[in-house]
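Visitor:
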Amino acid sequence: MSKIQGITTILAGDYPDPSIVRVSEDYYMTHSSFHYTPGLLIWHSRNLVDWEPVGHAIHEHVGGSIMAPDLIYYEGLFYIYFPAGGTNWVVTAENPAGPWSKPIDLMVGYIDPGHAADQEGNRYLFLSEGYRIKLSKDGLSTLGDLTKVYDGWRYPKEWLTEGFYLESPKLTFKDGYYFKTSAQGGTAGPATSHMIVSARSSSLEGPWENSPFNPIVRTKHRSETWWSKGHGTLVDTPEGNWFVVYHAYEKDFYTLGRQTLIEPIGWTADGWFTAVNAEDGAAHEASAAALPSVEAYRLADSGRLGLHWHFFGGERLDDYQIEDNQFVLKAVPKNRSEPLLCIPVHHTYTAEVSVEVEGDAEGTLGLFYKPGFHFGIGFDGKGSFVFRNLNTNERNAVSGESVTLRIVNDHHEVSLYFRDLQGQWTKLDHGFETSGYHHNVLGGFLSLRIALHATGEGRVKFSNFTYRSL
52 MSKIQGITTI
62 LAGDYPDPSI
72 VRVSEDYYMT
82 HSSFHYTPGL
92 LIWHSRNLVD
102 WEPVGHAIHE
112 HVGGSIMAPD
122 LIYYEGLFYI
132 YFPAGGTNWV
142 VTAENPAGPW
152 SKPIDLMVGY
162 IDPGHAADQE
172 GNRYLFLSEG
182 YRIKLSKDGL
192 STLGDLTKVY
202 DGWRYPKEWL
212 TEGFYLESPK
222 LTFKDGYYFK
232 TSAQGGTAGP
242 ATSHMIVSAR
252 SSSLEGPWEN
262 SPFNPIVRTK
272 HRSETWWSKG
282 HGTLVDTPEG
292 NWFVVYHAYE
302 KDFYTLGRQT
312 LIEPIGWTAD
322 GWFTAVNAED
332 GAAHEASAAA
342 LPSVEAYRLA
352 DSGRLGLHWH
362 FFGGERLDDY
372 QIEDNQFVLK
382 AVPKNRSEPL
392 LCIPVHHTYT
402 AEVSVEVEGD
412 AEGTLGLFYK
422 PGFHFGIGFD
432 GKGSFVFRNL
442 NTNERNAVSG
452 ESVTLRIVND
462 HHEVSLYFRD
472 LQGQWTKLDH
482 GFETSGYHHN
492 VLGGFLSLRI
502 ALHATGEGRV
512 KFSNFTYRSL
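Each residue of the sequence shown is one higher than the one before, counting from 52 in the working numbering.
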């Protein structure tokens, strides 16, 4: 077991709302996947620091944005409870790598479900705003009505938050108590918005007593490295060490989304848990273990879409093929903004891809936040061009049937390049500034992602994609 001291980044990039479970010596984790499909990527680790993706739990779009899942293991089966489209769902699997069941609609509202079972085997789902509902014995349906069981912890009014927002109840049983770990303060907004609070009860029926150490984790000032720290889940090791896993924005880099962090917790003599490190340390880059390898960004892996890639929405899952190590994407009308995406993790990075078009198609490499906020460089078989949403300009004639496109993002400032078959790189005049492409400006709780897209009529072949830090 790697020794974790202080606040440690375990997944850089946009991996928000972490939910983690330990099964013997293995740890599994998943995150919100919003409208990205395939969704609910499952990660595996043996030491809480080094993580590898093993598969997705969702291979269809369920009609809404998947937020704040709860990954649990109960009586030999893995479950993920998650909200989307105004209701809550559950999927199950014997193996976290899959296959996972089709989503089952639990037909209950609110968000951020958290599963718990008492010592008699009664199962419950705790939800946002302090609500709870009973589950069937198999955990696949709800019983009875919602009940309000918890009001949260009243933080001082002078604190600057995004709102009260009692969310993300995660339940842990230890030494005769059920501990409810919740989020409050709002997941974005001011740097000091989010927090982790705790309450405990000897029964899932309550009453719930708030911890005298609340908030367990919180950003106190915008000068800290991590902003809006919150949404925590407790996890222990076989050796008896305890940690809290949560998310936060990196200072001045909202565009990267909420990253997954971990820090140690300790237990007091009277049975409460507290953060071991009360203060945030100096700014630091993410550890090497938190960064995906170059191989992780391969478009194709064993003839399938690489695990780090996903579409925005679920309409294009049948629109691609893998041919001779090339990713071939069917072109769609320009007004369909459903590109293929991957997650950047650095302050300064470059992405390149070779593009070959068939028919009257255009292939693009860009950055995408959500429909209406998409820009970059493209190739139509005759020349390169700059695009912002549906508008194009600065066309350059290019000889040859293919071209390599490059984007460079240097601390939010983006420049564009292309290279023809003669090997000559050309920088375009147009550039972009991206620091406003994040939730506080545009909503959606998303991040700015690298995007490949094919529009028009025909097909686009993408190959030799590379991502690297600069």
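Backbone N, C-alpha and C fix where the C-beta goes; we use that ideal spot for every residue, glycine too. Every value quoted in this text rests on a predicted model; they were computed, and no experiment measured them.
#1: For a quick check, are the C-beta atoms of S262 and G227 less than 8 Å apart?
#2: Give me, in chain order, the residues of the same chain whose beta-carbon lies closer than 7 Å to that of A167; leave out the 5 immediate sequence neighbours on both sides.
#3: Quick check on Y130: does DSSP put it in helix, strand or coil?
#4: So what does DSSP say about A333, is it helix, strand or coil?
#5: Could you check the C-alpha separation between S502 and T415 for me, to the nearest Å?
#6: Starting from P207, follow its DSSP beta bridges and name the residues at the other end.
#7: Closer than 8 Å is the cut-off here; do at least three beta carbon pairs connect the stretch 482 to 490 with the stretch 289 to 306?
#8: How should V406 be labelled, buried or exposed, when 16 other C-beta atoms within 10 angstroms of its C-beta is the threshold for buried?
#9: Going by Cα to Cα distance, which pick from H298, G322 and P343 is closest to I58?
#10: If I measure Cβ to Cβ from T143 and keep anything under 6 Å in the same chain, skipping five residues before and after, which residues do I get?
#11: Cα-Cα, which of W278, V511, G291 and L391 is closest to G377?
#12: I'd like to check one pair, T60 with A239: are the Cβ atoms closer than 8 Å?
#13: Evaluate L194 with the Cβ neighbour count: other Cβ atoms within 10 Å of its Cβ, from every protein chain shown; 16 or more gives buried, anything less gives exposed.
#14: Would you identify the three-state DSSP class for H166, choosing helix, strand or coil?
#15: Kindly indicate which three-state DSSP category N491 falls into: helix, strand or coil?
#16: Give the secondary structure of Y348 by DSSP, where H, G and I count as helix, E and B as strand, and everything else as coil.
#17: Do you know whose CA, among N292, L285, W293 and S244, lies nearest E275's CA?
#18: Would you call F224 buried or exposed, if buried means 16 or more other Cβ atoms sit within 10 Å of its Cβ?
#19: Taking G474 as the reference, give the member of E484, G149 and S450 with the closest Cα.
#20: Please name the residue in N265, I117, E126 and L467 whose C-alpha comes closest to that of G136.
#21: Measure how close the beta-carbons of E314 and V295 come, nearest whole angstrom, since I'm counting them as under 8 Å.
#22: Run the CB neighbour count on H462, radius 10 Å, all protein chains shown included, and call it buried at 16 or more, exposed below.
#23: So A505 packs on A412, CB below 8 Å; how close in whole Å?
#24: Can you tell me whether S249 is buried or exposed, with buried defined as 16 or more other CB within 10 angstroms of its CB?
#25: Buried or exposed: which applies to Q170, given that a residue is buried once 16 or more other Cβ atoms fall within 10 Å of its Cβ?
#26: Pull up the distance between the alpha-carbon of Y410 and that of D163, whole angstroms please.
#27: DSSP beta-bridge partners for Q372?
#28: For L521, which residues in the same chain have their Cβ closer than 8 Å to its Cβ, ignoring the five residues on either side in sequence?
#29: With distance defined between alpha-carbon atoms, name the residue in Y132, E389, A347 and W360 nearest to P220.
#30: Using a Cβ distance threshold of 8 Å, determine whether the stretch 369 to 376 contacts the stretch 422 to 435, with at least three qualifying pairs required.
#31: For F424 and L493, which I take to be in contact (beta-carbon distance under 8 Å), what is that distance rounded to the nearest angstrom?
#32: Would you kindly check if the distance between the Cβ of F324 and the Cβ of W293 is under 8 Å?
#33: Output the residue ranges of the beta strand (DSSP E) runs that lie fully inside the stretch 447 to 485 and measure 3 residues or longer, sorted by chain position.
#34: Just the C-alpha distance for V465 and G417, rounded to the nearest angstrom, thanks.
Guide: In short:
#1: no
#2: Y175, F177, L222, Y229 and L255
#3: strand
#4: Its pLDDT being 39, under 50, A333 is placed unreliably by the model, and the measurement read from it follows with that caveat. If DSSP states are grouped into helix, strand and coil, A333 belongs with coil.
#5: First, the residue type needs correcting, since residue 502 is Ala and not Ser in the sequence shown. If I take the Cα positions, the gap works out to 8 Å.
#6: Partner(s): none; P207 has no beta bridge.
#7: yes
#8: buried
#9: H298
#10: L128, Y130 and S152
#11: In the sequence on display, residue 377 carries Gln and not Gly. Per the Cα distances, V511.
#12: no
#13: exposed
#14: strand
#15: helix
#16: helix
#17: S244
#18: exposed
#19: S450
#20: I117
#21: 6 Å
#22: exposed
#23: 6 Å
#24: buried
#25: exposed
#26: The question names Tyr, yet the displayed sequence has Gly at residue 410. Each residue's alpha carbon lies about 46 Å from the other.
#27: V379
#28: H397, T399, Y400, T401, V459 and D461
#29: Y132
#30: no
#31: 6 Å
#32: yes
#33: 453 to 461, 464 to 470 and 476 to 484
#34: 10 Å
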